[in-house]
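Below: one structure, written as C-alpha cells.
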Amino acid sequence: MSKQLHICFKTPLEHFTLDVDIKIPATGVTVLFGPSGCGKTTLLRCIAGLHKAENAQLRINDDIWQEPASYLPAYMRKVGYVFQEPSLFPHLNVTKNLLFGHKRAQQQGQLSLNEVSQLLGISHLLQRMPNKLSGGEKQRVAIGRALLSNPEILLMDEPLSALDYSTKAEIIPYLEQLHERLSIPIVYVTHALSEVKSMADYIVLLEKGKVSAQGPLKEMLLDLTAPLARFSNAGSLIDAIVSHYDKHYDLTEFSVDGGTVTVPGNIGAIGTRKRIHLSANHISLARTPANDSTIVNILPVTILEIDQASSAQCNVRLQLGQDSQILARITRRSKDQLALSVGDQLYAQVKGVSLVKL
Amino acid sequence: MSKQLHICFKTPLEHFTLDVDIKIPATGVTVLFGPSGCGKTTLLRCIAGLHKAENAQLRINDDIWQEPASYLPAYMRKVGYVFQEPSLFPHLNVTKNLLFGHKRAQQQGQLSLNEVSQLLGISHLLQRMPNKLSGGEKQRVAIGRALLSNPEILLMDEPLSALDYSTKAEIIPYLEQLHERLSIPIVYVTHALSEVKSMADYIVLLEKGKVSAQGPLKEMLLDLTAPLARFSNAGSLIDAIVSHYDKHYDLTEFSVDGGTVTVPGNIGAIGTRKRIHLSANHISLARTPANDSTIVNILPVTILEIDQASSAQCNVRLQLGQDSQILARITRRSKDQLALSVGDQLYAQVKGVSLVKL
Amino acid sequence: MLDAILLTLKLATLTTIILLIIGIPLAWWLARSRGLFKDTIATLVSMPLVLPPTVLGFYLLITLGPDSPLGNLLSSLFGGPLTFTFSGLVIGSVIFSLPFMVQPLRNTFESIGNRPLEVAATLRASPLDTFFSVVLPLSRNGLLTGSIMSFVHTLGEFGVVLMIGGNIPGETKVLSIAIYDFVESLEWAQAHLIAGGMLGFSFIVILSMTLLERNSRKVGDV
Amino acid sequence: MLDAILLTLKLATLTTIILLIIGIPLAWWLARSRGLFKDTIATLVSMPLVLPPTVLGFYLLITLGPDSPLGNLLSSLFGGPLTFTFSGLVIGSVIFSLPFMVQPLRNTFESIGNRPLEVAATLRASPLDTFFSVVLPLSRNGLLTGSIMSFVHTLGEFGVVLMIGGNIPGETKVLSIAIYDFVESLEWAQAHLIAGGMLGFSFIVILSMTLLERNSRKVGDV
Amino acid sequence: RIAVASNFTTAAQALSTAFTQKTKHSVQISSGSTGKLYIQIRHGAPFDLLLAADMDRPHKLYTEGYTNTEPLLYATGQLVLWSRTPSDVIDGIEMLSNGTVKRLAIANAKTAPYGKAAQEVLNKLTATHSSWKLIRGDNIAQTYQFAASGNVDAAFVARAQTVLNKQGFTWLVPQSLYSPIQQGAILLKHGINNPAANAFYRFLSSDEAKSVIQRYGYITR
Ligand SMILES: Nc1ncnc2c1ncn2[C@@H]1O[C@H](COP(=O)(O)OP(=O)(O)OP(=O)(O)O)[C@@H](O)[C@H]1O
Ligand SMILES: Nc1ncnc2c1ncn2[C@@H]1O[C@H](COP(=O)(O)OP(=O)(O)OP(=O)(O)O)[C@@H](O)[C@H]1O
Ligand SMILES: [Mg+2]
Ligand SMILES: [Mg+2]
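Those sequence lines, one after another, are chains U, Z, B, Y and X.
With the working numbering as the guide, the letters of the first sequence map in order to residues 6 to 363.
With the working numbering as the guide, the letters of the second sequence map in order to residues 6 to 363.
With the working numbering as the guide, the letters of the third sequence map in order to residues 256 to 477.
With the working numbering as the guide, the letters of the fourth sequence map in order to residues 256 to 477.
With the working numbering as the guide, the letters of the fifth sequence map in order to residues 19 to 239.
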C-alpha cells in the first residue's frame, strides 16, 4: 500500500470531466498518453496543486497531499514540474533560473548545477537571459531547473518535444537513470512512442478525461485488445542478459528467454541486465529459419493468439522460451498463405531491435 | 532561375553567425533540420522579415523581398508563419484568431474556415478563448490561422511537435496535399525524422548557423556520406504506381521499378502515383528469396556500394530495377558471413514499408 | 449650479478624449523606442506634476497670454485670446493631466511585448492595423486606468483651472471652483453637498466603467 | 529656503516610501482578487483625485482635527494633534497620492499573469517568497512609474498641504507653498527661480532613475 | 506665529523685521487666504495672531470664542483700478466706459474683501458699464497677476500691490464708491500666554508700525 501513488481527481473541463482514479507505482516512469486535449496537462496540474479539483485524493507514498478536506498548497508539494510551454523567469539568467528551486529545496539534492547543465548541453548558456535562447534551449533549462529542485516526484509535460533527435538521445538515458538514482517517480506526458517505449515502466492511457487503459508497459504492449497494440509501431519487451561481446564486429550478444539476440555496439559487461524492445512491424515469421540472409536474430516461437488488428493486418502474440511473449504484425494474407494458427511453432526473424531501459 | 527561392542571410547570433546562402525549389516542402540552437528559428524569422539581417538577399520566385538595399516589411510579405511557441491572440476567440489573416489577405485563398477547422479537429473549439485550450489545441489553431492567411510561402517552426500521433497522422497528409493544391512552397522545421521522411522534398541541414548539407530528400537519403544516412532511421524512397487492389485481404499492390510492393489498406485507384519509404534498418538481404515467411515484399537488387556506418554496421546502397536505388543497413558480421560485395545480386526482404507523399 | 456641473462634465470628458488622442500615440512611441531622447521626453511628460497647479497655471497664463509669441499665435488662430475661455481651460487640463494618461498606457504597451506584433505582421496586418486590432484591445487595462485617472483628475483639478479660467460662470466656473468657493466663504453645507455629489457621481461612473470593462473582457492569462 | 527644500524632499521621499509600503500589498490584492468588493475598493482608491486638493484638505482637517473621534484617537496615539504637523502632512500626501501608486502597480501586477506564479510554486517558493523574488522584479516598470508619479505629485501638491499643514516654516512649509507664496506676493523673480529649480531637480532625478532602471534591466520580451 | 492674509504678507514681513529689531522676538509668518486661515484656526491651527483681510472673520472668531479680545482694526485697504498699459485717461470711470477695457478682472467677491469692494464699485457704475468681460481672480494676488501678465486690460486690485510698482495706470477708487475694507487683527487664545505675540499685537498700534503699514498702501487710524 505504501509504495504507491494514489491519484484521484474529478474536475469539470470545458467539454468533459476529468475523472481519474488510479494507483501507479511509486518508482519508475509512468507515461501519460493520449490525444491532444484529453486532459493530460490538467491531470499534471492537479497533482502539482496548480489546479484545484474539488473531488480529490492524492497520496504520494505515505504522504497525503490532498483529500476532499485537506489541501497541501502547491509550494509545499515537492514536485519538479516541466511545463508544456517553456516557462523560464524572464528576469533571471539561466543560472539563476536553474538554481531557483535548488536554493529553496529543504534538503540539497544529489544533483549539482554543473552536472545537470553539462548533461543538458546548456553549460555555455549559463549567463544568458531567457529571451536570448532558442526554443529547445529554453526547454532544456526548464528541465534542468525542475531536476535541481530536488523533487519527490517529477512531472514532465512533453519535455522533449522541442528537442532534436540527438539531444533527445542524450537526455532520455539520463532521465531513465535519474529515477533510479534519485528513486523518485516520474509522471511523463508524451506523444512520442519512441519515448514511451524507451522510458515507460507504467502506462496510463487517457481519453476525454477518462483512463481508458493502464498497466505496466510490458503487459500493455502484449494486450492485443488494448490500444497500444493497435498503434502502427506496436511492439513488445523482453528481458535480456549480456552473454557475449564480439569485439571484432562490435556486436553484443544477449541471452534471452528461448534464444539469443545480437545488437550492434558494446552494451555492457557480461551479465548486465537489459530490456529489449522488439517492434511488431519488423518481426517476420517463417516456418524454417533463413540462413542465407542478413537477418541476425532468429528466435523459435509458438503462436499463442492471433488478433485481427485491421482489415489488412493481424497481431500475433508469440510464446518465446519459457516465460516471455512477443508481438508480431503480419498481413492477413501471409497468415492465410502460411496457414498460421495457434500452437504453430515458427521462427521469428527480428529486424527491429532496440535497447530500452531496464 | 525563376521558380526558386534564393535565401541568403548573414546575421550574428549570440555564439556564432547565421550564414546561409541557399537556393531551394519553389515548390514542395523544404525541411530545415538541425540540432537545438543551430539557427533554424532565426532563419525562418529572417525569411518572414521579423529579424532584420544586415547582409541579406531574399527572392521568392521573381519577387525580391529583401536585398542589402531594399527591405519589404514583414506585413507585406505573404508568409504564413507557425511559431514554435503557440502565439494566439489572447483577446480573440478561436474563430477570430483563425480569420485574422484571412480577412487581411488581398485575395481570398482557396481554403475555408470550415474546411481547415474540420481537418485540424478544432471545430468544437471555435467559440473558445485561447486560455481555455490545451497546448496541442493552441498549436492546431495557430496552424489553421497560418493556412487561412492565403500565404505564398508557409513557414512552419515545429508545428506538430505538441501533437499526438494520431492527430499528426491526420494533419501530415493534409499538409502534404496542401502545397500541391495551393502550389506554395513550405519551409518546415522539425526534429522528427518521421515528419522529414513523410513530408520533405528537399532537405537543408543546419549546423551552428551554417548549411552542412542540402539536396532533394531522395538523393540525400542515398548519399552514404551525408549525415542522413548515419541516422538510426535512415531509409530510402522509391516511386510506385498502384497496380492492383486485393479486396479480400485489403492489400494494395504497387509496381515499382524492378518489382512489386504490397502495402496494407486501400491506397488509391489503379494508376495512382505514390512514393514509398523503405527504412534501411528493416531491410534484410538474402541470397535466396524466402518463401515460407511472412515477409511480403521481396525485391531483387544489386549491391552498388557498401559503406561502414559504424564499427558494427554497414549501409548498403542497392540498385533496384533500372533507375531506383534503396538503402539497407546490416551488421558488418552479416556482410562478412554472406561475403557481400559490390555487384552481388541479392533479394531485399522489406519489412519497413511506409507510404509517403508523392 | 447646473451650469457648473455641465461645464465640469464637458471639461473632464473633452480633456479625457483629447488626452486619449494625444496620449495613445505618445505612449506608444515611448513604449517602442529606445535611447536617451525618448527617456528625456518620457521625463518631460511627468513634469506638469512637479509644479503646484496654481503655479503651473500662472506659467500657462504667461505662455498663453498676449506677451508670448505662442499666445499671440494661438490667439490669432482661435480668433481671440485663449486665457479665460473654455478652450484655454481644456488646454490647461490636458497639459496637467498628461502624465496620468501617458504613464499607464506606456506601461501597458510595454507589457504586451513583441510577439503579438510579430504574429500580426505575419498575418498581413500593417503596423497601424496591428495597433488597432491587437495593441489597443490588449491594452484595455491601461486605457481604462488612464482614462479614469485623467477624468477624475480633471474633475478635481482647480488650481490650473482657476488661474487660466478666471472663474467665469457658464464658461470657466467648474464644480471644483464652486466647491472651493463655498469652502472659502464658509458655506459648508453647500460644500458638503457638492463634495458628496462629486464623490458619489464619480464613484458610480468609475465603478460602472470598471464593471463594464470586466464583463466585456473574457481575456485571461495567456 | 533650504528649510523648505529639505522639508519638501523629506516629505516626498517619505510619502513615496509609505505609499510603496501601503500600495504594493493593496495593488497586489486588487490585481489578484475578483468580485464586486474588490472593484468597489479599486474605485475608492481613485476617489482622492475627485475632490479639489484644498477641499480634500478641508475634509482631512475636519477628520484629523480635534472635533472628530478619529482625530482625537490619533491625537492621543501620536501624543498631540496631527494637523499642522509634519506627520499630518505625510498623511495627507499619502492619501492624495495613493491612486498614483496603486493604479500603475496594479496594472503591472495584472500583466504578469499566472504562469510565473505557478512556476515559482512548483519550485517551492511560498507566496511571499514568490512575491519578492518573482513578482516585484517583474514589476519594475510599474514600481518606477508609481514611485515617480507619487514623488513628483507630492512635490507639486500644495492644496492639501496648505490646508492641513498651515504653511508653518520649517515644519509644514514646503517648496510648493513657498513658490505659491512668492507668486501670490508678486515676487516673481523668486518664484521663477524656485520653479526652475524644482523642474530641473525633478527632471534630473527622474531621468537618472529611468536610466538606472533601464541599465540594470536586461529583461526583454519573454 | 502669525497667520497673515495673503494680501498683507509683504507688509507683515516688513513689520516683523521692524518688530524683531526692536524687541528681539522672532516672528514666523504663515500666509493664506483669510477664509483658509479661519478654517484652520477653527480646527486647531497653532497660530498666535491673525492678521485678517477683513473684519468679519476676526469677529466671527471672537464670537465663537477663539479669542478674548475684540478684533483690532490695524489697517484699511484701498482699492485701485490698475492697468499695465499707461493711459492718457485720468479717471477710471472714463476708462471703464470708453471701451478700451475689454476684459476686466476683479477678485472673487464672495471670498475676497477687495473683490467685494470692487463689485460694489461696479454696481454703482452700472450706468456706465459697458462691454467688458468680467474675469474673477480667486484672490487679489491672482487678480493682479491677470493684469500684470496682460491677460486682462484692467483690474481692481489693492493699492498695496501697486505702490511698489510705479508703472502703468493707477486710479485710486474714491472711498465713496465702496464700503471700507477694514482689516482686523486678533490675538488668538493660542497666543494669549505668548509674550511675543502680545508684544506684536501691541506693536501693531504703534506709530512705527503704522508708518510701515502706510508705506504699503494702507490707511491706518
Ligand atoms: N534574441 C536572440 N538574440 C541573440 N541570440 C539568440 C536570440 N535568440 C536565440 N539566440 C541564439 O541563437 C542561436 C539560434 O537560435 P534559434 O532560435 O534560431 O535556434 P533553433 O535552431 O530554432 O533551435 P531550437 O531547435 O532549440 O528551437 C541559439 O544559439 C540561441 O541561443
Ligand atoms: N483553463 C481551462 N479551462 C477550461 N477548459 C480548459 C482549460 N484549459 C484546457 N481546457 C480544456 O480541457 C481539456 C484538457 O486540456 P489539457 O490541457 O489537459 O489537454 P492535454 O491532454 O494536455 O492536451 P495537449 O496534448 O494538447 O496538451 C481540453 O479539451 C481543453 O480544451
Ligand atoms: Mg497539454
Ligand atoms: Mg527554434
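We put the CB at the ideal spot given by N, CA and C, even for glycine.
This one's a predicted model, so the numbers in the text were calculated from it and none came from an experiment.
Segment limits, alpha helix (DSSP H) that includes residue i
{"i": "B/Phe333", "result": "324-333"}
{"i": "Z/Glu258", "result": "Element bounds for Z/Glu258: not the alpha helix (DSSP H) but the beta strand (DSSP E), 256-261."}
{"i": "X/Ala29", "result": "27-41"}
{"i": "Y/Leu383", "result": "382-385"}
{"i": "X/Leu69", "result": "First-last for X/Leu69: 67-69, but that is the beta strand (DSSP E), not the alpha helix (DSSP H)."}
Own chain partners of residue i with C-beta closer than 8 angstroms, once the 5 adjacent residues on each side are dropped
{"i": "Y/Val349", "result": "Thr270, Ile273, Leu274, Ile277"}
{"i": "U/Asp328", "result": "Asp262"}
{"i": "U/Ile208", "result": "Thr35, Val36, Phe38, Val201, Ala218, Gln219, Gly220, Pro221, Leu222, Met225, Leu233"}
Which residues DSSP lists as bridging residue i, in chain order
{"i": "U/Met161", "result": "U/Val87, U/Tyr193"}
{"i": "X/Phe187", "result": "X/Ser101"}
{"i": "Z/Lys252", "result": "DSSP lists no partner for Z/Lys252."}
{"i": "X/Thr85", "result": "In DSSP, X/Thr85 forms no bridge with anything."}
{"i": "Z/Cys13", "result": "Z/Asp26, Z/Gln62"}
{"i": "Y/Arg395", "result": "Note: Y/Arg395 sits in no beta bridge, so no partner."}
{"i": "B/Ile260", "result": "In DSSP, B/Ile260 forms no bridge with anything."}
{"i": "U/Val268", "result": "U/Thr257"}
{"i": "Y/Val349", "result": "According to DSSP, which records beta bridges pairwise, Y/Val349 is partnered with nothing at all."}
As assigned by DSSP and simplified to three states, the class of residue i
{"i": "U/Lys215", "result": "strand"}
{"i": "Z/Gln115", "result": "coil"}
{"i": "U/Lys28", "result": "strand"}
{"i": "Z/Arg50", "result": "helix"}
{"i": "B/Gly475", "result": "Residue confidence is low: B/Gly475 scores 42 on pLDDT, short of 50, so the model does not pin down where it sits. No coordinate-derived value is stated."}
{"i": "Z/Asn102", "result": "helix"}
{"i": "U/His287", "result": "helix"}
{"i": "U/Ser154", "result": "coil"}
{"i": "Z/Met6", "result": "With a pLDDT of 44 at Z/Met6, under the threshold of 50, the predicted position of this residue should be treated as unreliable, though the coordinate-derived value follows. DSSP places Z/Met6 in coil when its eight states are reduced to three."}
{"i": "Y/Ala267", "result": "helix"}
{"i": "Z/Glu200", "result": "helix"}
{"i": "X/Asn116", "result": "coil"}
{"i": "Y/Tyr435", "result": "helix"}
Beta-carbon contacts of residue i that lie in its chain and below 7 angstroms, excluding the five residues immediately before and after
{"i": "Z/Gly214", "result": "Leu18, Phe21, Thr22, Leu23, Asp24, Cys43, Gly44"}
{"i": "Y/Tyr435", "result": "Phe413"}
{"i": "U/Arg150", "result": "Asn102, Leu103, Phe105, Gly106"}
{"i": "U/Met204", "result": "Val34, Val36, Ile177, Leu180, Glu181, Tyr193, Lys362"}
{"i": "B/Ser301", "result": "Pro354"}
Same chain only: Cβ atoms within 6 angstroms of residue i, ignoring 5 sequence neighbours per side
{"i": "U/Cys51", "result": "Phe14, Ala58"}
{"i": "U/Met161", "result": "Val87, Tyr193"}
{"i": "B/Thr400", "result": "Pro359"}
{"i": "X/Leu90", "result": "Ala203"}
Boundaries (first-last residue) of the beta strand (DSSP E) holding residue i
{"i": "Z/Glu224", "result": "It is not in any beta strand (DSSP E) - Z/Glu224 instead sits in the alpha helix (DSSP H) that spans 222-227."}
{"i": "Z/Val321", "result": "318-325"}
| Pocket of ligand 4 defined by Cβ to heavy atom distance under 5 angstroms | U/Ser139, U/Gly140, Z/Thr46, Z/Gln89
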